[in-house]
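In terms of the working numbering, the sequence shown has 276 at position 76, counting the first letter as 1, and numbering is strictly consecutive.
Glycine is no exception: its CB is placed at the ideal position from the N, C-alpha and C atoms.
Below is one structure, written out as structure tokens, with a few remarks after it.
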Amino acid sequence: DNIFHGTISPLINQWKNITRLLIHQNKFAETIPDELVSLDQLVEIRIDHNSFSGNIADFCHHYKDPYPLKTFYADCGPTGTCGPPEVRCDCCTHCCIPDQNICLNHYEVSVLKIENGCF
């Protein structure tokens with residue numbers, strides 16, 4: 201566990217050449233700023249195991265090919281056994297379940313939901 205907390209500043213959009221945003225396992229909260237969309241050089245994003253909430257659909261819609269993003273981890277796995285995710289993320293490569301301290305790809309999340317009788 202790290203000790204960073206609070207929110208991500210909208211000024212993050214000034215980091216135009218950043219290729220990796222690795223802020224996982226901290227205590228960041230609230231929503232992910234819209235300004236993240238302007239960072240079009242990102243190849244890896246790890247925002248999992250924080251306390252973010254909301255929908256990052258605008259980000260996912262923007263970050264389609266030809267952008268270089270290859271790896272995206274967020275807390276988009278189910279809360280509890282079958283509860284809704286903390287973050288809705290259609291473009292994440294891995295969805296994490298913070299209370300279980302695991303991250304799964306979308307196929308594994310679907311299998312977990314079936315095993316838990318969530319459908």
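- Under DSSP, H205 takes part in a beta bridge, and its partners are K227.
- Between the stretch 291-303 and the stretch 269-281, the count of C-beta pairs closer than 8 angstroms reaches three or more; the two stretches touch.
- Across the structure, F252 and L236 are spaced so that their CA atoms are roughly 14 angstroms apart.
- The three-state reading of DSSP puts S238 in helix, counting H, G and I together.
- DSSP, read as helix, strand or coil, puts E286 in coil.
- The C-alpha of T207 is placed about 8 angstroms away from the C-alpha of T231.
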